[in-house]
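See below for the structure under consideration.
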Amino acid sequence: MASAGPRRVADAPESAIGNGAVTGALHPETASYDRAAMSRRVLLGSLLVVCTGFAAFALAHMFPPAPYGLADDWRVFYAAAQVIAHGGNPYDAATIHAAEQTAQHYASVQPSLDDFADLPIVGLFLRAFSWLPYWWSYAVFTALGMVVAGASLRLWMRELGWPSAGLWVLGALCSWPLLVGALSGQFDLLLLGATVTALLLMRRDRPWLSGLCMAAVLLKPHILWPLPLLLATSWVGDMPQLRRFALSAGGVLVAGTVAGFLLVPHAGSFFAHLLNFESTVTAVQPDLAGIPGLVAHLPHGALLGDGIAVVGVAGVLALAVASIRQPALRALPADRRHLIPLVGLAFWLACTPYAHPNDDVLLFPLLIAVVGEAGRRLDPRWLEVGMIMSLALIGCFVGAPVVGAVLVVLGFAGWAWWWRRIPGPAAASVALAAVVLLPDIWPFHVVPVSLTPIAVTLVFVAGGLELRGLLGVPTAAAPLPAAAPAGVPSS
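All the letters of the sequence shown, read from the start, carry residue numbers 1 to 491 under the working numbering.
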């Protein structure tokens, strides 16, 4: 039978013209890309609707302000600044609680929630806002944090080559980890800005200025301590630059710590107060975001949590040593070295015994790096799997927590067993879905434990796989999802 020859567009039925059938017949790779890109857009749009809808719901339930609701942490910070301004002891329970009641009256007091346990220098920093009336100070501080967070995320996306990022920034600002920090009056938005700025300066080989950004570590040293250590490894091959970073970061940390103890009245009470705070805080703050929070209610849960924290410290130190000694890590391109501090920080956030969902905004720079420009590395199939798995896990923990716990154990065991076969896009897709969905369930108080640690761990896994791929370690043979064919712009 003679061949009819190549089919022309003019030979196609009219019903096929204009609906993509001809394009798909002539360029199947283009049609496949279009379908994958559209599926990815729909799924990402769904996650954006979840973020914005939950943010609107949360804001609607924050007014009028109620005890331990809006600005609950800011109430403690503002009171500490007022006490310091009047020469009092911010670590004395009776003094700080009286100042808190003056700022905003609560019918009852929960000591571990209402105690000031930060370094003395933090109280001096807060005095910059204490001259304002209480609610005005909170509004100014929160507005500053939101501007810093939005600007830093946009700058980081632009640095990594994102063509546009408006909706992504909107989704990040409406996500529960970021929103809960803003609503409670926490420092995490400023920490996010300092972290991104330090990374940008590292990529531009500015060790002095990058070191100065380490002043943010003083606000939450138990969270950010891995950052200066891992950033320093970026200059291991250039000792003069390494010395500049060490002098800058070490100088600002030492100067800030010493200044706090010299200038804040009764600063010596900090250590005894901190020990008492650590012995009681986990009993009244169950929304912990590290893996120790998942095991806290198990037999010997406190000991398990301490063991996990030790693993976290050892992992960060091992990564720092490997960054110095391993040729593959030392040879990482300058535009990818940010993965070392970000992966190390993510590992610590997964293992730390004391972090809250608001601290996990520090994962956003790593998440931005692993999803690729405008999410181009996301696999729509795995994004859908991540959404279904997250919703199923929430349902299990609400209805049958034991089943949910078994699923978590089996899930992580499977990932550990098949880690060499896990494609990076799959891990990034599942991690993004988990970060959007899993933290949202805790505010409803319908689950016995926070599910945020699962999302944190998945982000670390995605970052670790990204770093592994750059080091040339064998990985799953999976091409980037929905790669744009020639002549087709990526979404």
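Glycine residues also receive a C-beta, built at the ideal position from the N, C-alpha and C atoms.
- Task: Could you pull out every unbroken alpha helix (DSSP H) segment of at least 4 residues lying fully inside the stretch 219-287, listed in chain order?
- Result: For the stretch 219-287, the full-length alpha helix (DSSP H) segments reaching 4 residues or more read 221-224, 226-232, 239-263, 270-284 along the chain.
- Starting from the N-terminal side, write out each stretch of the alpha helix (DSSP H) that is 4 residues or longer and does not extend beyond the stretch 34-111. 72-85, 93-103
- Message: Could you tell me the alpha carbon to alpha carbon distance between P163 and R41, rounded to whole angstroms?
- Response: Per the coordinates, the alpha-carbon of P163 lies some 16 Å from the alpha-carbon of R41.
- Task: Reducing DSSP to helix, strand and coil, say where S323 ends up.
- Result: S323 falls in the helix class under three-state DSSP.
- Ordered list of alpha helix (DSSP H) runs contained in the stretch 361-392, each at least 4 residues: 364-371
- Inter-residue spacing [alpha-carbon to alpha-carbon] between S429 and S39: 13 Å
- Task: Take L167 and list the residues in its own chain whose beta-carbon comes closer than 7 Å to its own, dropping the five residues that flank it on each side.
- Result: L48
- Task: My understanding is that S248 touches G211, with C-beta atoms under 8 Å, so please give their C-beta distance in whole angstroms.
- Result: 3 Å
- Query: Three-state secondary structure (DSSP) at V22?
  - Reply: Because V22 carries a pLDDT of 41, less than 50, the predicted location of this residue cannot be relied on, and the following value inherits that uncertainty. Residue state, collapsed to three classes: helix.
- Quick one: grab the DSSP three-state call for P353. In the three-state scheme derived from DSSP, where H, G and I count as helix and E and B as strand, P353 is classed as coil.
- In whole angstroms, what is the alpha-carbon distance linking G411 and G404? 10 Å
- Do the stretch 290-301 and the stretch 205-219 meet, that is, are 3 or more Cβ pairs less than 8 Å apart? The stretch 290-301 is not in contact with the stretch 205-219.
- Message: Taking the beta carbon of R336 as the centre, do at least 16 other beta carbons fall within 10 Å, making it buried, or is it exposed?
- Response: By the C-beta density criterion, R336 is exposed, having fewer than 16 other C-beta atoms within 10 angstroms.
- Entirely enclosed alpha helix (DSSP H) segments - the stretch 422-449, minimum 4 residues: Taking 4 residues as the shortest admissible run, the stretch 422-449 contains the following complete alpha helix (DSSP H) segments, listed from N- to C-terminal end: 424-437.
- With a Cβ-Cβ cutoff of 9 Å, do R154 and D114 count as a contact? no
- Query: Would you report the Cα separation of R35 and D379, rounded to the nearest angstrom?
  - Reply: 12 Å
- Query: P265 to T352, Cα distance in whole Å?
  - Reply: 31 Å
- Message: Check this for me: beta carbons of L317 and V456, under 9 Å apart or not?
- Response: no
- Message: Spatial neighbours of S390 within its chain, please: C-beta separation below 6 Å, excluding the five flanking residues on both sides.
- Response: A433, A434, L437, L438
- Provide the residue span of the alpha helix (DSSP H) that contains M157, from first to last. 134-159
- Return the CA-CA distance between T23 and W418, expressed in angstroms with no decimal places. Confidence at T23 is low in this model, with a pLDDT of 41, below 50, so its placement is unreliable and the value that follows should be read with caution. The alpha-carbon atoms of T23 and W418 are separated by roughly 38 Å.
- Check each candidate in L173, L467, A93 and name the one with the smallest Cα separation from S323. Comparing alpha-carbon positions, the option among L173, L467, A93 lying closest to S323 turns out to be L467.
- Between the CA atoms of I223 and A25 - distance to the nearest angstrom: The pLDDT assigned to A25 is 44, lower than 50, so where the model puts this residue is not dependable, and the model offers no usable value.
- Item | Where P299 sits in the DSSP three-state scheme | Coil.
- Item | For V310, the nearest candidate out of H105, W415, P292 (CA to CA) | P292
- Let me know if A400 comes out buried or exposed under the rule of 16 or more other beta-carbons within 10 Å of its beta-carbon. exposed
- Query: Should Q326 be labelled buried (16 or more other beta-carbon atoms within 10 Å of its own) or exposed?
  - Reply: exposed
- Message: Give me, in chain order, the residues of the same chain whose beta-carbon lies closer than 8 Å to that of F63; leave out the 5 immediate sequence neighbours on both sides.
- Response: L70
- Neighbourhood of A151 by C-beta, 8 Å cutoff - its chain only, sequence neighbours within 5 removed: G193
- Should I388 go down as buried or exposed, given a rule of 16 or more other Cβ atoms within 10 Å for buried? exposed
- Have a look at L362, D205, F245, G464 and flag the residue whose alpha-carbon is nearest the alpha-carbon of G315. G464
- Is the stretch 354-373 in contact with the stretch 166-185, if contact means three or more CB pairs nearer than 8 Å? yes
- Query: How far does the alpha helix (DSSP H) with M214 in it reach, from first residue to last?
  - Reply: Where M214 is concerned, there is no enclosing alpha helix (DSSP H), given that its DSSP letter is neither H nor E.
- Item | Burial state of P423, where buried means 16 or more other Cβ atoms lie within 10 Å | By the 10 Å Cβ count, P423 comes out buried.
- Item | For W131, the three-state DSSP class (helix, strand or coil) | coil
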